[in-house]
Amino acid sequence: MSDDNSHSSDPLNSSKKGFFSLLLSQLFHGEPKNRDELLALIRDSGQNELIDEDTRDMLEGVMDIADQRVRDIMIPRSQMITLKRNQTLDECLDVIIESAHSRFPVISEDKDHIEGILMAKDLLPFMRSDAEAFSMEKVLRPAVVVPESKRVDRMLKEFRSQRYHMAIVIDEFGGVSGLVTIEDILELIVGEIEDEYDEEEDIDFRQLSRHTWTVRALASIEDFNESFGTHFSDEEVDTIGGLVMQAFGHLPARGESIDIDGYQFKVAMADSRRIIQVHVKMPEDAAQPKLDE
1 MSDDNSHSSD PLNSSKKGFF SLLLSQLFHG EPKNRDELLA LIRDSGQNEL IDEDTRDMLE
61 GVMDIADQRV RDIMIPRSQM ITLKRNQTLD ECLDVIIESA HSRFPVISED KDHIEGILMA
121 KDLLPFMRSD AEAFSMEKVL RPAVVVPESK RVDRMLKEFR SQRYHMAIVI DEFGGVSGLV
181 TIEDILELIV GEIEDEYDEE EDIDFRQLSR HTWTVRALAS IEDFNESFGT HFSDEEVDTI
241 GGLVMQAFGH LPARGESIDI DGYQFKVAMA DSRRIIQVHV KMPEDAAQPK LDE
């Protein structure tokens with residue numbers, strides 16, 4: 001018996017073919033009619049094992065970036081690691097080694113005065129010769145400036161077409177509000193990108209952008225309320241992960257989100273037994289959290 005006949009008699013394979021035919025039929029007849037229907041098709045594709053879980057999450061991530069602005073994902077001004085134009089080679093190397101970053105905004109007076117971008121690799125020639133020959137002017141590259149209202153999908157397209165990886169973000173008054181990198185956008189699609197130099201930190205709350213925070217699922221509701229000025233009940237559950245699971249009524253998968261009292265909780269990491277990490281998006285008018293130094 002041929003392989004084709006063997007496959008055609010497989011009920012599971014027939015189910016997949018039937019779903020795939022339905023998918024093609026909807027696409028070629030102008031359907032799905034809206035974004036929600038397209039998302040439903042993607043999720044159904046996962047349930048029918050036409051695509052795996054990681055592929056489903058990436059497709060949802062690709063759709064999400066069109067709805068977001070640079071301000072939603074940027075590294076805020078307060079967390080920008082910068083170099084000063086008058087720093088020596090050794091001083092620059094100290095900052096580079098401590099931060100383990102590869103690109104740095106170079107400032108003059110303060111963070112509103114960006115002189116350009118320094119790439120760590122451009123310092124290598126000076127490390128092999130006389131350090132006295134180093135000057136910031138020799139390695140400074142032009143800084144790309146973008147408005148914080150720029151759509152994330154357009155930002156990604158610009159990163160790819162112009163072949164740069166970092167941009168300075170400015171507000172409507174021309175002040176520097178943060179920076180954005182191509183990695184920030186890719187993490188929206190594929191999840192957090194870590195390398196061998198990233199250290200695992202036991203930190204409950206870590207800021208991603210002006211209104212978005214990464215929160216450990218094991219963080220206590222009491223600590224969250226105290227830091228964020230919220231009033232979530234801890235009578236039935238003690239942790240943020242428990243709060244989110246209670247709101248869903250089931251164990252949510254990575255990428256699922258839910259609103260709780262105006263705060264959006266999106267599952268960033270989870271396994272078959274528990275939530276590990278969530279991204280919390282605060283309301284626009286919410287005060288910044290008060291965290292212990």
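Quick note: the sequence shown, position 19, residue 19 per the UniProt record's numbering, numbers continuous. Heads up, the beta-carbon is just placed ideally off N, CA and C, and yes, glycines get one too.
query, result
"Stretch-stretch touch, CB-based, cutoff 8 Å, three pairs: the region 202 to 216 with the region 101 to 111", "no"
"M155 versus Q264, A286, D67, D52, residue with shortest Cα-Cα distance", "D67"
"Every unbroken alpha helix (DSSP H) within the region 23 to 103, with a cutoff of 4 residues, ordered by chain", "35 to 47, 53 to 65, 70 to 73, 89 to 99"
"Those residues which DSSP pairs with S108 across a bridge", "DSSP, once it has assigned bridges, lists no residue as partnering S108."
"N- and C-terminal bounds of the beta strand (DSSP E) containing S227", "From DSSP, S227 is part of no beta strand (DSSP E) but of the alpha helix (DSSP H) over 221 to 228."
"Rounded separation between D52 and V244 - CA only", "24 Å"
"Where residue 295 sits in the DSSP three-state scheme", "With the chain represented from 1 up to 293, any question about residue 295 goes unanswered, as that position is not in the structure."
"Other residues of its chain near L140: CB distance less than 7 Å, five sequence neighbours each side excluded", "V106, E115, G116, L118"
"Classification of Q246 by the beta-carbon crowding that lies within 10 angstroms, buried from 16 upward", "exposed"
"Coarse secondary structure for S177, derived from DSSP in three states", "strand"
"Same chain, Cβ closer than 7 Å to D234, neighbours up to 5 away in sequence not counted", "I221, E222"
"Per DSSP, cross-strand counterpart(s) of F265", "I258, V280"
"Alpha-carbon spacing of K33 relative to H113, whole angstroms", "47 Å"
"Cβ-heavy atom distance, R274 to the ligand ADP, below 7 Å", "The model on display carries no ligand, and the ligand ADP is accordingly not part of it."
"Integer-rounded CB distance, given that D204 should sit under 8 Å from V190", "So it is not a contact: roughly 24 Å between Cβ atoms."
"Nearest to residue 295 (by Cα), restricted to the options P283, Q277, E256", "Absent from the model: residue 295. The displayed extent of the chain is 1 to 293, so no value can be given."
"Burial state of Q277, where buried means 16 or more other Cβ atoms lie within 10 Å", "buried"
"Identity of the residues DSSP links to K270 by a beta bridge", "One detail in the question is off: residue 270 reads as Ala in this sequence, not Lys. Answer by DSSP bridge pairing, in chain order: I275."
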